[in-house]
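Chemist:
Residue numbers (the numbering used here): 814 to 1131.
#1: Residue 936 and residue 948 - do their beta-carbons sit closer together than 8 Å?
#2: Quick one: Cα of residue 1064 to Cα of residue 1080, how far?
#3: Going by beta carbon distance, what residues of the same chain come within less than 6 Å of residue 1048, once the five residues before and after it are set aside?
#4: Residues in the same chain with beta-carbon distance under 6 Å from residue 885, minus the five sequence neighbours each way, listed in chain order, please.
#5: Skipping 5 residues on each side, what residues in its chain have a beta carbon closer than 6 Å to that of residue 1038?
#6: Count the other CB atoms, across all protein chains shown, that sit within 10 Å of the CB of residue 1056; report buried if there are 16 or more and exposed otherwise.
#7: In the structure shown, what three-state DSSP assignment does residue 933 receive?
#8: Can you tell me where the beta strand (DSSP E) holding residue 879 begins and where it ends?
#9: So, residue 946 versus residue 1069, is the Cβ gap smaller than 8 Å?
#10: Give the range of the beta strand (DSSP E) segment to which residue 852 is assigned.
#11: Between the beta-carbon of residue 959 and the beta-carbon of residue 1009, is there less than 8 Å?
#12: Can you give me the start and stop residues for the alpha helix (DSSP H) that residue 963 sits inside?
#13: Is residue 1040 buried or exposed, if buried means 16 or more other CB atoms sit within 10 Å of its CB?
#14: Leaving out five residues on either side along the sequence, give the residues of the same chain with a beta carbon under 8 Å from the beta carbon of residue 906.
#15: Apply the 10 Å Cβ neighbour rule to residue 1082 and answer buried if 16 or more other Cβ atoms are within range, or exposed otherwise.
#16: On the criterion of 16 or more Cβ atoms from any shown chain inside 10 Å, does residue 939 qualify as buried, or is it exposed?
#17: Which residues in the same chain as residue 867 place their Cβ atom closer than 6 Å to its Cβ, once the five residues preceding and following it in sequence are excluded?
#18: Alpha carbon to alpha carbon, how far is residue 1084 from residue 1034?
#19: Please indicate yes or no: does the CB of residue 1060 lie closer than 7 Å to some heavy atom of the ligand ZN?
#20: If you draw a straight line from the C-alpha of residue 956 to the C-alpha of residue 870, how long is it?
#21: In the structure shown, what three-state DSSP assignment does residue 872 receive?
#22: If residue 953 sits next to residue 850, beta carbons under 8 Å apart, how far is it from one beta carbon to the other, in whole angstroms?
#23: Rounded to the nearest angstrom, what separates residue 820 and residue 1117 at their Cα positions?
#24: Do you know how far the Cα of residue 888 is from the Cα of residue 1066?
#25: Does DSSP classify residue 1108 as helix, strand or coil?
#26: Using 8 Å for Cβ pairs, my map puts residue 840 next to residue 1130. What's the rounded Cβ distance?
#27: To the nearest angstrom, report how far apart residue 822 and residue 1017 are at their CA atoms.
#28: Per DSSP, which one or two residues make a beta bridge with residue 920?
#29: For a cutoff of 8 Å on Cβ pairs, would you count residue 907 as touching chain C?
Right, dumping it as structure tokens:
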């Protein structure tokens, strides 16, 4: 199958260059609730407007975020977005210092076949991390927004808001264009600021998009890239920057058989900690707890809720 046959040969020539940007945090979650996810999207949109960048697809997990952006200054975009979100997160939770691992992973994407493969990996991120049974089951990403009308997918609805109302959800003095629209929760809807139509063009048809979101990751991915003469095939390990064991687990998760709705996701654990446990210690944030208090909560989560140690540690920033 020729993955790039739907794209005009001169399509990419007139555009800014494509980059994959990834923020990672191994030791603590960077999104504790829906508000955090929403603020990240808002800041992402504001940076796009401020720098003339074009966002095609995105996915935010509890410990990392994947973005595909067309820009002339990927490091500037990444640094400004990360700094603004860190300021928000630190102020909200009474935290100090850098959020996440030092440095930002940036990979230049060359050729329309690599571009679509990258979009595939980002769109399936929730599936790879066992946060959903299908790529479309995870909501903190742009997967549902592509070809939404054609495949009957329900997406976020914008509500009428004045510029003053929109500004009330944003940092002070934030600048944004009139076409940016928000949903009822004060989050910019992706179709108002992202280049979704451009992302769709790399698939050509809704049917091909559905196929790409559901196909297994196998040798055919690499073979099809090699047939297009786009250099080294783009693999899941290139995108995730994870060890071999983690990559193997992600591939197993692709089947959707490992997903269970009864399993608590990081966001569920954070809500449990923040709403049920923190009031017992008179704290409004985990960063106000002492180490002994955190360990007490950790023991309860381990024995009463049977949560894995690594999940407890990152949700409590232990």
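In this text, a Cβ means the ideal position worked out from N, Cα and C, and glycines have one as well. Just so we're clear, the structure is a prediction, and the values are computed from it rather than from any experiment.
Modeler: Let's see:
#1: Position 135 of the chain shown, counted from the start, is the residue given in the question as residue 948. Position 123 of the chain shown, counted from the start, is the residue given in the question as residue 936. Residue 936 is positioned such that its CB atom lies closer than 8 Å to that of residue 948.
#2: In the chain shown, residue 1064 corresponds to position 251, counting from 1. In the chain shown, residue 1080 corresponds to position 267, counting from 1. Inter-residue distance for residue 1064 and residue 1080 is about 23 Å (C-alpha atoms, whole angstroms).
#3: Numbered from 1 along the chain shown, position 235 holds the residue referred to as residue 1048. The beta carbon of residue 1048 is closer than 6 Å to none in its chain, skipping five residues each way along the sequence.
#4: Along the chain shown, read from residue 1 onward, the residue named residue 885 stands at position 72. 829, listed in sequence order.
#5: Here residue 1038 refers to the residue found at position 225 of the chain shown. Excluding positions up to five away in sequence, the list reads 926, 1046.
#6: The residue labelled residue 1056 in the question sits at position 243 within the chain shown. Residue 1056 should be labelled exposed.
#7: If you number the chain shown from 1, residue 933 lands on position 120. Residue 933 sits in a helix when the DSSP states are folded into three classes.
#8: Locating residue 879 in the chain shown gives position 66, where the first residue counts as 1. Per DSSP, residue 879 belongs to the beta strand (DSSP E) from 877–884.
#9: As a position in the chain shown, residue 946 is number 133, starting the count at 1. As a position in the chain shown, residue 1069 is number 256, starting the count at 1. Contact: yes.
#10: Here residue 852 corresponds to residue number 39 of the chain shown, with the count starting at 1. Taken as a continuous stretch (DSSP letters only), residue 852 belongs to no beta strand (DSSP E), being part of the alpha helix (DSSP H) at 847–864.
#11: Taking the chain shown and counting its residues from 1, the one referred to as residue 959 is at position 146. Taking the chain shown and counting its residues from 1, the one referred to as residue 1009 is at position 196. Closer than 8 Å, so yes.
#12: For the purposes of this step, residue 963 is identified with residue 150 of the chain shown, where counting begins at 1. Counting along the chain, residue 963 sits inside the alpha helix (DSSP H) bounded by residues 961–964.
#13: The sequence position of residue 1040 within the chain shown is 227, counting from 1. Under a 10 Å Cβ-count criterion, residue 1040 is classified as exposed, with fewer than 16 other Cβ atoms of the shown protein chains found around its own Cβ.
#14: Start at 1 with the first residue of the chain shown, and residue 906 comes out as number 93. Answer for residue 906: 845, 1098, 1099, 1100, listed in chain order.
#15: To locate residue 1082, count along the chain shown from 1; it is residue 269. Classification of residue 1082: buried, given that the 10 Å Cβ count is 16 or more.
#16: Residue mapping note: residue 939 aligns to position 126 of the chain shown, counting from 1. Looking at its Cβ environment, which holds 16 or more other Cβ atoms inside 10 Å, residue 939 is buried.
#17: Looking up residue 867 in the chain shown gives position 54. Cβ neighbours of residue 867 beyond the five flanking positions: 883, 1008.
#18: Numbered from its first residue, the chain shown carries residue 1084 at position 271. Numbered from its first residue, the chain shown carries residue 1034 at position 221. Pairing residue 1084 with residue 1034, the inter-Cα distance amounts to about 38 Å.
#19: With respect to the ligand ZN, the structure shown offers nothing to examine, as it has no ligands at all.
#20: For this step, residue 956 is matched to residue 143 along the chain shown. For this step, residue 870 is matched to residue 57 along the chain shown. Roughly 8 Å separates the two Cα atoms.
#21: Here residue 872 refers to the residue found at position 59 when the chain shown is read from its first residue. Here residue 872 sits in strand by DSSP.
#22: As a position in the chain shown, residue 953 is number 140, starting the count at 1. As a position in the chain shown, residue 850 is number 37, starting the count at 1. Beta-carbon to beta-carbon, residue 953 and residue 850 are separated by about 5 Å, close enough to satisfy the 8 Å threshold.
#23: As a working mapping, residue 820 is identified with position 7 in the chain shown. As a working mapping, residue 1117 is identified with position 304 in the chain shown. Caution applies to residue 820, whose pLDDT of 41 falls short of 50 and renders its modelled position unreliable; the model cannot decide the point.
#24: Indexing the chain shown from 1 puts residue 1066 at position 253. Indexing the chain shown from 1 puts residue 888 at position 75. Distance between the alpha carbons of residue 1066 and residue 888 is about 32 Å.
#25: The residue labelled residue 1108 in the question sits at position 295 within the chain shown. Note: residue 1108 maps to helix in three-state DSSP.
#26: Numbered from its first residue, the chain shown carries residue 840 at position 27. Numbered from its first residue, the chain shown carries residue 1130 at position 317. At roughly 7 Å, the Cβ-Cβ gap stays under 8 Å, so residue 840 and residue 1130 are in contact.
#27: To locate residue 822, count along the chain shown from 1; it is residue 9. To locate residue 1017, count along the chain shown from 1; it is residue 204. Low per-residue confidence applies at residue 822: pLDDT is 40, beneath 50, and the placement is therefore not dependable enough to give any value.
#28: The count along the chain shown starts at 1 and reaches residue 920 at position 107. DSSP lists 833 as partners of residue 920.
#29: Absent from the structure is chain C; it holds one protein chain and no more.
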